[in-house]
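Working notes, beginning with the structure itself.
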Amino acid sequence: MPTSEFQRKAVFFVFFAGSLILILFALPFAESWIKDYFALHYGLVITPEGRAVAVDGNAVGKMTDTTVSMVVNMLHVFKIVFWMALIISVVRFLGYLIFGTAFRSAGQTEISSLLRTVLSMIIYIVSFFIIFQSQYPDVQLAPLFTGSAILGIVVGLALQDTLGNLFAGIALQADQPFQVGDVINLGTRGTGVVESVSWRGVKIRTFQNKLLVISNAVLGKETIEVAPRGNLNARTVNFETSYSDSPARTIQVVREAVRQVENVSQKIRPVVRIRNLGTDGLEWEVKFWLEDYTKHNDTDALVRQRIWYVFQREKIGFSFPTRTIHIEPKSVETPFEEVRETITDRFSNLPIFAPLSDEEIEKLTRASNVRVYAPGENIVRMGQEGNSMFVIVRGSVKVQIPENGHPKTVNTLKENDFFGEMSLLTGQPRSATVVASEETEVVQIRKQALKPIFESNPQLVSAICEIVEERREILVSNTPAEAEAVNQKGAGVMRLIKNFFGLS
Ligand code: CMP
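Just so we're aligned, residue 47 is where the sequence shown starts under the working numbering, counting upward by one.
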């Protein structure tokens, strides 16, 4: 508070209040002078009730009585007016001293305005009652306010909104959700800096320099977001970089750049983090804390500007809508040729296919295809029908049968092993579930491709029969149900195969 302002107010108060006190001192003298004047010139005595009586005790004329009572009443009114003026000036000056200096220096500016108004009003009303009663002891003011129900209703209705605002304002002050100078956000109504809190409402200076006036009653029902003045309030600014730029480097340079922006607090280090791995690039946010939140729009803009400059210097690129197109070079061999070569290669090296001629291998290859399975994926499932067998090209599989409700691994097969031959050759449901242990590539051979080959290669049938027998034995020792099936069919695997394929 500038001292000159205080001095100016103090001098004015002393002068004004002093003048009023002098006038109030002078008034009784004026009264007695008037009384003397009437007694001397008109032979009248003025009673304490303000009536005129002749010195000899006789009644006076109506005109004289009225004139005298007017003069006396004028004196009373003067007294009331001057006393009230004195009280108002004292209250205002004290209000200025207490709320304008003591509260402000204690950082309690928000309570000054409303409290000051409410307290002043109470003092004025009480003072008026006292002064009025001292001048007119016979007039009863209290019943005027307490006795009249109609007056009460009329005043109540007329003051409904005003009183609503007043009490909402008092509640707001008791709660103190914000103070003068805080930035508040009222959603759709707007955002701005609180300029004043009065008994009627709150004035907010928006960032477009407009004044938003909201009544306390309305404000009491709103959800208010407050950025307190003394608090380090945070902001976030978003940006995107391309995938080719190192995140660690981006964090470092952005943090340093933002740190140096004016109004960004030095007390807390800005946080730079990846919000999302977006379609066009890395989506970032930088969070920083402001010394003065009222300047957040300017600070945000400055932060964006600094990021641009630092990116220019450090050769970091902002992302923009990007689509990466890979153009695959034309292969020397067709994909089919490549696959066919792999399959032929595999089949030639399989011991069970050793009896087959090159031509037969070629035929088998043509009727096969390559499939890739993910780790944990079922390649064949126990109990299902099966009309193809598989040779493992890459990876490994687990052969599983259920035991007590859980899968039990009875064997593990690797590269160059085959499976699925049992159903394919006998027409029975799959005897086990085969699961890929890792990413596994297999060649699938269908029944139709095998039939002509079996016809011309009886050794192949018996070689496969041997393996099927061996595998069945393992299954028998693990599952009673399978043992039953084997017993029923005896050594009839060969017979089953021949039947199924219609071989003689
Ligand atoms: P299939 O019954 O068609 O389907 C499941 C396959 O698991 C089966 O053929 C065999 O190829 C294979 N299989 C079953 N038992 C064993 C075992 N003990 N060892 C290796 N492979 C087996």
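Just so you know, even glycine gets a beta-carbon here, dropped at the ideal spot from N, CA and C. Being a predicted model, the structure only gives us computed values, none of them experimental.
Residue(s) in a DSSP beta bridge with residue i
i      : result
Met435 : Ile491
Glu374 : The partner list for Glu374 (beta bridge, DSSP) is empty, contrary to what the question assumes.
Thr455 : Gln446
Thr282 : Lys333
Ser414 : Ile491
Tyr419 : Thr486
Arg386 : BP columns for Arg386 are empty, so no partner.
Leu328 : Thr287, Leu323
Asp479 : Going by the sequence as given, residue 479 is Thr instead of Asp. Thr479 pairs with Gln446.
Ala98  : Ile92
Phe364 : Thr287
Arg427 : According to DSSP, Arg427 bridges with nothing at all.
Arg359 : Answer by DSSP bridge pairing: none, since Arg359 is not bridged.
Val200 : In the DSSP output, where bridge partners are listed per residue, Val200 has none listed.
Phe465 : Phe436
Val317 : Lys333
Pairwise C-alpha distance: residue j and residue i
i      : j      : result
Ile169 : Thr340 : 37 Å
Asn322 : Tyr289 : 12 Å
Ser292 : Phe366 : 17 Å
Ile260 : Val318 : 38 Å
Asn424 : Ser311 : 59 Å
Val60  : Leu143 : 14 Å
Glu379 : Ser414 : Because the pLDDT at Glu379 is just 44, under 50, the model does not fix this residue reliably, and the point stays unresolved.
Thr163 : Ala217 : 15 Å
Val497 : Glu408 : According to the sequence as given, residue 497 is Lys; it is not Val. The straight-line gap from Cα to Cα measures roughly 15 Å.
Thr234 : Val248 : 16 Å
Val539 : Glu387 : 33 Å
Val117 : Leu70  : 17 Å
Gln186 : Asn262 : 35 Å
Ser483 : Val522 : 24 Å
Gly451 : Arg492 : 32 Å
Ala529 : Ile510 : Unreliable placement is indicated for Ala529, whose pLDDT of 48 sits below 50; the coordinate value is still reported in the next sentence. In a straight line, the C-alpha of Ala529 is about 20 Å away from that of Ile510.
Asp82  : Gly141 : 42 Å
Ala214 : Gly266 : 6 Å
Gly422 : Lys333 : 43 Å
Pro223 : Val283 : 27 Å
Ile230 : Leu205 : 28 Å
Arg54  : Val123 : 31 Å
Ile177 : Leu258 : 40 Å
Thr208 : Asp221 : 20 Å
Lys460 : Pro401 : 22 Å
Thr287 : Ile320 : 10 Å
Glu519 : Gln446 : 15 Å
Val488 : Glu501 : 25 Å
Val485 : Arg417 : Note that residue 485 is Glu in the sequence shown here, rather than Val. One C-alpha to the other measures close to 11 Å.
Val437 : Leu506 : 15 Å
Asn545 : Asn433 : 15 Å
Ile297 : Glu331 : 10 Å
Leu86  : Ile92  : 12 Å
Glu51  : Met120 : 37 Å
Met428 : Asn457 : 14 Å
Asp346 : Val264 : 31 Å
Arg369 : Thr479 : 43 Å
Glu241 : Tyr182 : 44 Å
Asp344 : Trp245 : 33 Å
Leu328 : Ser477 : 51 Å
Which listed residue (the options) has its alpha carbon closest to that of residue i
i      : options                        : result
Phe253 : Arg246, Val239, Val264, Trp245 : Val239
Val349 : Ala56, Ser180, Phe285, Ala85   : Phe285
Leu542 : Asn524, Glu519, Val514, Ile520 : Val514
Glu77  : Ala100, Lys125, Arg305         : Lys125
Lys444 : Val481, Gln474, Ser434         : Val481
Ile135 : Ala63, Leu121, Phe399          : Looking at the sequence itself, residue 135 is Ser, so the reference to Ile does not match. Looking at the Cα atoms, Ala63 is the closest of the given residues.
Asn309 : Trp335, Pro183, Val226         : Trp335
Glu431 : Thr455, Met468, Gln306, Trp79  : Met468
Glu512 : Thr411, Pro397, Asp344         : Pro397
Pro504 : Phe364, Leu73, Leu470, Phe547  : Phe547
Met167 : Gly202, Met130, Ser180         : Met130
Residue i CB to nearest heavy atom of ligand 3 below 7 Å
i      : result
Ala478 : Among the ligands modelled here, namely ligand 1, ligand 3 does not occur.
What runs of the beta strand (DSSP E), each 3 residues or longer, lie entirely inside the region 223–262? Runs of beta strand (DSSP E) with 3 or more residues, each lying fully within the region 223–262, are found at 229–231, 237–243, 247–252, 257–261, listed in chain order.
Can you give, in chain order, each stretch of the beta strand (DSSP E) that sits fully within the region 265–314 and has at least 3 residues? Here the runs fully enclosed are 271–273, 279–287.
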